[in-house]
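Protein sequences, first through last, are from chains A and B. Start counting the first sequence at 1; every next residue gets the next number (the working numbering). Start counting the second sequence at 1; every next residue gets the next number (the working numbering). We treat Cβ as the ideally placed atom computed from N, Cα and C, and that holds for glycine. In this text, all values refer to a predicted model and were calculated from it rather than measured experimentally. Single-structure report; data block below.
Protein chains: 2
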Amino acid sequence: MEEQEQAHTYDAAKYDRPSVTIDVVIFTLIERELHVLLVQRKRWPYEGFWAIPGGFINMDESLEQAARRELEEETGVRDVYLEQLYTFGDPQRDPRTRVISVAYMALVRAEAQHLRVSDESHAVRWFPVRALPEALAFDHEQVLSYAIGRLRSKLEYTTLAFQLLPELFSILELKHTYEQILGEKLDKGNFYRKIKESGLLEETTHVREGRGRPTRLWRFRTDRSGDKQFVFRWREDRVAR
Amino acid sequence: MEEQEQAHTYDAAKYDRPSVTIDVVIFTLIERELHVLLVQRKRWPYEGFWAIPGGFINMDESLEQAARRELEEETGVRDVYLEQLYTFGDPQRDPRTRVISVAYMALVRAEAQHLRVSDESHAVRWFPVRALPEALAFDHEQVLSYAIGRLRSKLEYTTLAFQLLPELFSILELKHTYEQILGEKLDKGNFYRKIKESGLLEETTHVREGRGRPTRLWRFRTDRSGDKQFVFRWREDRVAR
DNA sequence: CTATGATAGTGTTAGTTATACACTATCTAA
DNA sequence: TTAGATAGTGTATAACTAACACTATCATAG
Numbered sequence: 001m002e003e004q005e006q007a008h009t010y011d012a013a014k015y016d017r018p019s020v021t022i023d024v025v026i027f028t029l030i031e032r033e034l035h036v037l038l039v040q041r042k043r044w045p046y047e048g049f050w051a052i053p054g055g056f057i058n059m060d061e062s063l064e065q066a067a068r069r070e071l072e073e074e075t076g077v078r079d080v081y082l083e084q085l086y087t088f089g090d091p092q093r094d095p096r097t098r099v100i101s102v103a104y105m106a107l108v109r110a111e112a113q114h115l116r117v118s119d120e121s122h123a124v125r126w127f128p129v130r131a132l133p134e135a136l137a138f139d140h141e142q143v144l145s146y147a148i149g150r151l152r153s154k155l156e157y158t159t160l161a162f163q164l165l166p167e168l169f170s171i172l173e174l175k176h177t178y179e180q181i182l183g184e185k186l187d188k189g190n191f192y193r194k195i196k197e198s199g200l201l202e203e204t205t206h207v208r209e210g211r212g213r214p215t216r217l218w219r220f221r222t223d224r225s226g227d228k229q230f231v232f233r234w235r236e237d238r239v240a241r
Numbered sequence: 001m002e003e004q005e006q007a008h009t010y011d012a013a014k015y016d017r018p019s020v021t022i023d024v025v026i027f028t029l030i031e032r033e034l035h036v037l038l039v040q041r042k043r044w045p046y047e048g049f050w051a052i053p054g055g056f057i058n059m060d061e062s063l064e065q066a067a068r069r070e071l072e073e074e075t076g077v078r079d080v081y082l083e084q085l086y087t088f089g090d091p092q093r094d095p096r097t098r099v100i101s102v103a104y105m106a107l108v109r110a111e112a113q114h115l116r117v118s119d120e121s122h123a124v125r126w127f128p129v130r131a132l133p134e135a136l137a138f139d140h141e142q143v144l145s146y147a148i149g150r151l152r153s154k155l156e157y158t159t160l161a162f163q164l165l166p167e168l169f170s171i172l173e174l175k176h177t178y179e180q181i182l183g184e185k186l187d188k189g190n191f192y193r194k195i196k197e198s199g200l201l202e203e204t205t206h207v208r209e210g211r212g213r214p215t216r217l218w219r220f221r222t223d224r225s226g227d228k229q230f231v232f233r234w235r236e237d238r239v240a241r
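The structure is reproduced here in structure tokens:
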């Protein structure tokens, strides 16, 4: 709370203030595999290390606005799923000064990807979450594993997976996405049954041809207000947040 | 991320920095009812309004250390359950200056309560969550409802409820605690069955006499490493976080 | 000393959901 | 025409949920 101050005599300089940054863990699916966006640092500290994209917050923007700004600066995408994760504030996490970082997670569709290398970094790249760089800058390994954990746990009781898929997809593609993120195989028959019973999907007339039997394509229903919108569970296990 | 700076030429004054505070939503059970601790503000802004206890973060302490410090300053308790909730950072949330607040939730046992009125506030009081003040300071209504939502949802798949109970308790007391927080009645028989099957409780030889049949007292098992420690579910419904 | 009310605790059953796995369907390409 | 590949359906059993009836043990009133 904010009650250490005298009325009308508040002096902003009275207390030391930490720097506040926003880091955005950006996930996408590339060739059916879960990837995360990292940038390679150009300067001290952690020069040359890969890091989660982010930056300082402006004084006139909300945390979410800052996260959306960062996201757009790095990938050019807007209107994507964004969620606050956790705030990391260990006094030693940045060697320059006290930096408190509010971490966000974003899910973007594979389609819209126009990566931009900012002048603060050497490179920007998508990394498969199963093959990440050995060491990341700052405490970003911790941030990233927190994000992956959250993604997994929310996948089990929300419709988050749809945020990663294109507008039209097959049921087995959806199943594959779940398997990718959960890291385990799901039963085909049970998946079909559950997803159909959920009423979350809308059948389309489109099909996609492949090597075997062509597959029917579906769309995620965004209309339906209440029912089951966010309850689509696969397992009982759950992790603490 | 923190990469806008030149190596070794980092100038802390280069960017405006927001103030960062920690607010701690402290829950307890008093006479079997869920209560939350609020303090009454002495100064502008929101003079006279009730607020969630909190304060500015020191430059050399972690977020959690700051939360524990606040908690101890208000209630004198240590070693309690503490969890980071969410970070609130709307630019307009405090009329004095830009203030970003990291909210924590603490669960304390009814026993240890030595409230201290700090010189920043008129009063400190436990409020039943079913009878809160009409309006709270800042965006604290939002913070509080977030905390209650989190408490509810975690109750369903963790052993959080035990943090609110004394060391020895009866199974029906535990059931009552669940009912209090979830806001719904649970079936006695099913509760007995589930809680016993969970293996979370340890029977003691103690009983408590009352008006009817005396009740056996149980203890929460802290030993058991893995199994079911944090899976004790009551309902299927779940809310997004 | 017995009945009544109050609280504690157990048992049972029907309906639902999960799990595993076998089966059928429709396409391409040899 | 058949084999391989992928898509999609059906079903039996086990496990779990939800509702509720039942039994147990105390205090106290008559």
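CA-to-CA distance, residue j to residue i, given in whole angstroms
{"i": "Arg68 (chain A)", "j": "His176 (chain B)", "result": "43 Å"}
{"i": "Phe230 (chain A)", "j": "Glu197 (chain A)", "result": "Note on Phe230 (chain A): pLDDT 37, under 50, position unreliable in the model; no value is reported."}
{"i": "Val17 (chain B)", "j": "Thr158 (chain A)", "result": "With the sequence shown as reference, residue 17 (chain B) is identified as Arg, and Val is not the correct amino acid for it. Distance between the alpha carbons of Arg17 (chain B) and Thr158 (chain A) is about 36 Å."}
{"i": "Asp23 (chain B)", "j": "Leu85 (chain B)", "result": "10 Å"}
{"i": "Glu83 (chain B)", "j": "Arg152 (chain A)", "result": "20 Å"}
{"i": "Lys185 (chain B)", "j": "Tyr104 (chain B)", "result": "28 Å"}
{"i": "Arg150 (chain B)", "j": "Tyr192 (chain B)", "result": "25 Å"}
{"i": "Leu168 (chain A)", "j": "Arg219 (chain A)", "result": "5 Å"}
{"i": "Lys188 (chain B)", "j": "Leu132 (chain B)", "result": "29 Å"}
{"i": "Leu201 (chain A)", "j": "Thr222 (chain A)", "result": "9 Å"}
{"i": "Ser62 (chain A)", "j": "Trp126 (chain A)", "result": "27 Å"}
{"i": "Glu31 (chain B)", "j": "Ser145 (chain A)", "result": "41 Å"}
{"i": "Glu70 (chain A)", "j": "Gly55 (chain A)", "result": "7 Å"}
{"i": "Gly199 (chain A)", "j": "Gly199 (chain B)", "result": "37 Å"}
{"i": "His35 (chain B)", "j": "Glu120 (chain B)", "result": "22 Å"}
{"i": "Pro128 (chain B)", "j": "His114 (chain B)", "result": "17 Å"}
{"i": "Glu203 (chain B)", "j": "Val143 (chain A)", "result": "40 Å"}
{"i": "Arg213 (chain A)", "j": "Tyr178 (chain A)", "result": "22 Å"}
{"i": "Glu141 (chain B)", "j": "Asn190 (chain A)", "result": "42 Å"}
{"i": "Ser118 (chain B)", "j": "Arg98 (chain A)", "result": "28 Å"}
{"i": "Trp44 (chain A)", "j": "Val25 (chain A)", "result": "21 Å"}
{"i": "Ala295 (chain B)", "j": "Lys42 (chain A)", "result": "Outside the shown range of chain B (1 to 241) lies residue 295 (chain B), about which nothing can therefore be said."}
{"i": "Ile57 (chain B)", "j": "Ile57 (chain A)", "result": "18 Å"}
7 Å Cβ cutoff met for residue i and residue j
{"i": "Arg122 (chain A)", "j": "Gln40 (chain A)", "result": "Note that residue 122 (chain A) corresponds to His in the displayed sequence, not to Arg. Against a cut-off of 7 Å, the Cβ pair of Gln40 (chain A) and His122 (chain A) comes out as a contact."}
{"i": "Tyr15 (chain A)", "j": "Ala137 (chain A)", "result": "no"}
{"i": "Arg211 (chain A)", "j": "Leu217 (chain A)", "result": "no"}
{"i": "Asp139 (chain B)", "j": "Arg93 (chain B)", "result": "yes"}
{"i": "Ile195 (chain A)", "j": "Val20 (chain B)", "result": "no"}
{"i": "Ser170 (chain B)", "j": "Thr215 (chain B)", "result": "yes"}
{"i": "Ala161 (chain A)", "j": "Leu155 (chain A)", "result": "yes"}
{"i": "Val77 (chain A)", "j": "Thr87 (chain A)", "result": "no"}
{"i": "Glu74 (chain A)", "j": "Pro53 (chain A)", "result": "yes"}
{"i": "Asp60 (chain B)", "j": "Pro91 (chain A)", "result": "yes"}
Contact belief for residue i with residue j at Cβ below 8 Å, rounded distance in angstroms
{"i": "Leu242 (chain A)", "j": "Leu182 (chain A)", "result": "No answer is possible for residue 242 (chain A): it lies beyond the span of chain A, which begins at 1 and ends at 241."}
{"i": "Val80 (chain A)", "j": "Leu107 (chain A)", "result": "6 Å"}
{"i": "Glu33 (chain B)", "j": "Gln180 (chain B)", "result": "6 Å"}
{"i": "Phe27 (chain A)", "j": "Ala135 (chain A)", "result": "So it is not a contact: roughly 20 Å between Cβ atoms."}
{"i": "Val124 (chain B)", "j": "Arg116 (chain B)", "result": "7 Å"}
{"i": "Ala110 (chain A)", "j": "Leu29 (chain A)", "result": "5 Å"}
Complete alpha helix (DSSP H) runs within the stretch 121 to 165 of chain A (minimum length 4 residues, chain order):
140 to 155
Those runs of the alpha helix (DSSP H) which lie wholly inside the stretch 175 to 206 of chain B and span at least 4 residues
188 to 198
Enumerated in chain order, which unbroken segments of the alpha helix (DSSP H) with a length of 4 residues or greater are wholly contained in the stretch 33 to 118 of chain A?
63 to 75
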